[in-house]
Amino acid sequence: MMLGQSTLAGIFFLGALLAPAAGGAQEWNDARSRKLAEDATARRALQLADTGLVDYSASARGFLTFLAQLGEGFTEPPKIVRADELALEIFWKAPNLSKQRVFARRDTLLLPTDIQYHRDHLGIIQNNFPDIIRLGDGDEVQDVPHPLSAIGLQEYDFAIRDSLQIRLGPRTLNVYEIRVRPRNPQLPRAVGAVFVDVESRDVVRMAFSFTRSALKDKDLEDVSVVLENGLFEGRFWLPRRQEIEIRRSGTWLDFPARGIIRGRWEICCYQVNKGIDRAFFAGQEIVIPGNAYSNSSAFTGKILDSLPPDVRSATDEDVRKVQDEARALVREQALERTRRSGLAGRSVSDFVHYNRVEGLAVGAGVLSRLGGGVFVPLRASYGFSDHEAKGSVGIGVERASGFAMSGQVYRSYREVSEEQERSRAVNSLAAQEFGSDFSDLFSVRGASFLVRAGALRGIIPSLEI
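Numbers -19 to 445, taken from my numbering, label the letters of the sequence shown in order.
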């Protein structure tokens, strides 16, 4: 990773929070918080003209990783499926022209996947987003008002929470953290915090997630973004570090699965006001030349050896704080994913199987999502030899925090032994074709109740009766 020249490398957070802003805990939309948000919005709109920044070029190094998790509650750490390393040339010209060129790229594939990244995942975010936020070429997040925009001042609540110090060489700057939440959490909006330099009102850092209605893809679980700026030549606040995490989850039959895209960028080596021609910015913003994969000399070592340790874990401290903050600022229902109804089953054998008790048995399951986290699972099967119907019906509720509660009544056949001697699929084939049936079934009627709490440091407390 390239961390930039000394003017950028001199930036670091002291880590410990100072006392809360003078005057004690702030209320939402108090005069001081509103004034700071308005000043930061005005500064963001005028900063290009005010600073005299005409154009710049820079370099960036980044990693894109695709990870996967499987199983109820996603308690197992995510596994890296694919990792990409990229090197970029970045160009910008006032007022809003941007061009990014991927001049070197390499990847490694650890498990089979056909994952294709959106083009804007392959580059950095300029200017802390325009007044309307879009991600994933508009397929993931679209038409979200920026909190520090004319529309944002009307659509968001603001509150100063803490003051931090950022040291720039011999100079120490005071920065206020402004919490941001939507006035109507049911609309497509951002949720999180912006960090504003008290003296200049420039945005130093943004960390935010989005409400459920802002996510265009129904399978998206959440999107978290962290943008950090550095002070260049003592006057220009320009992108320094960025990361984004996109979590998408679903089910195959009734088996939970989650895919995670994590991007991490470090930007450095700025050259300002060199007179870049406007014609240079024609065409697509992010360009990937055909020879990008052949420039392997731009990298050293292997990709997996170069990955930052927290990328492997899929959720580092910064991103986790963004997700926790979003849940603290708005009701969990505003972040909850709307899941669709669909076919359900624990295995293929739930749909068709054969044994000496039932003969040929067919079945199906449906999981209906009613909204508000409420779901109704229904399963049914019928054996053509025993002429018996089996099945279950239940009702439950899930929350974005991971809390779940459900109950069901059922009638089914179960194995006497705790461990099956062979899989149901193999047993069905052997029983049908060769008369070899290792199953030992008995009839069961009953009811069950389950309550499960959200994950706490990798532990999921639950009680089932």
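The beta carbon of each residue, even a glycine, is placed where N, CA and C say it ideally should be.
Straight-line CA distance for Q122 to Q80? 21 Å
Where does R215 sit, in a helix, a strand or coil, going by DSSP? coil
Using a 10 Å radius around the Cβ and a threshold of 16 neighbouring Cβ atoms, would you call D202 buried or exposed? Around the Cβ of D202, a 10 Å sphere holds 16 or more other Cβ atoms; the residue is buried.
Buried or exposed by the 16-neighbour rule on C-beta atoms within 10 Å, applied to A67: buried
CB contact flag (E338, S372, <8 Å): S372 is positioned such that its CB atom lies no closer than 8 Å to that of E338.
Buried or exposed: T280, going by 16 or more other Cβ atoms within 10 Å of its Cβ? Label assigned to T280: exposed.
Presumed contact (8 Å Cβ cut-off) between V176 and V160, rounded CB distance: Going by Cβ atoms, the distance from V176 to V160 rounds to 11 Å, so no, they are not a contact pair.
Distance check for V61 and T45, CA to CA, integer angstroms please. 8 Å
What residue range is occupied by the uninterrupted alpha helix (DSSP H) comprising N335? Element bounds for N335: not the alpha helix (DSSP H) but the beta strand (DSSP E), V332 to N335.
Chain-order list of residues whose beta-carbon lies under 8 Å from that of L405 (same chain, five-residue window excluded): The identity of residue 405 in the sequence shown is Ala, whereas the question assumes Leu. Excluding sequence neighbours, A405 sits near S327, V328, S329 and H333.
Only counting the same chain, and skipping five residues up and downstream in sequence, which positions put a Cβ closer than 6 Å to that of V267? Counting only Cβ-Cβ distances below 6 Å, and skipping sequence neighbours, we find R81.
Cβ-based burial, T21 [other Cβ within 10 Å; buried from 16]: buried
Neighbour-count burial assignment, Q(-15), 16 or more Cβ in a 10 Å radius: At Q(-15), the pLDDT of 36 sits below 50, so the modelled position is not reliable; the number obtained from the coordinates is stated separately. Its Cβ having fewer than 16 others within 10 Å, Q(-15) is exposed.
Between the stretch 424 to 439 and the stretch 381 to 393, do at least 3 Cβ pairs fall closer than 8 Å? yes
Given this structure, state the Cα-to-Cα distance separating R391 from V342, to the nearest angstrom. 15 Å
Could you check the C-alpha separation between S229 and L115 for me, to the nearest Å? 18 Å
What's the gap between the Cα of A187 and the Cα of R141? 14 Å
Touch check for the stretch 68 to 78 and the stretch 105 to 119: three-plus C-beta pairs under 8 Å? yes
With F71 as the anchor, note down where its beta strand (DSSP E) starts and where it stops. K59 to K73
Host alpha helix (DSSP H) of A410 (start-end): R404 to F414
Enclosing alpha helix (DSSP H) for Q134 [first to last residue]: A130 to E135
Counting only the same chain and skipping the five closest in sequence on each side, list residues whose C-beta sits under 7 Å from that of E72. Going by the sequence as given, residue 72 is Trp instead of Glu. Taken in chain order, the residues that qualify are D35, Y36, S78 and Q106.
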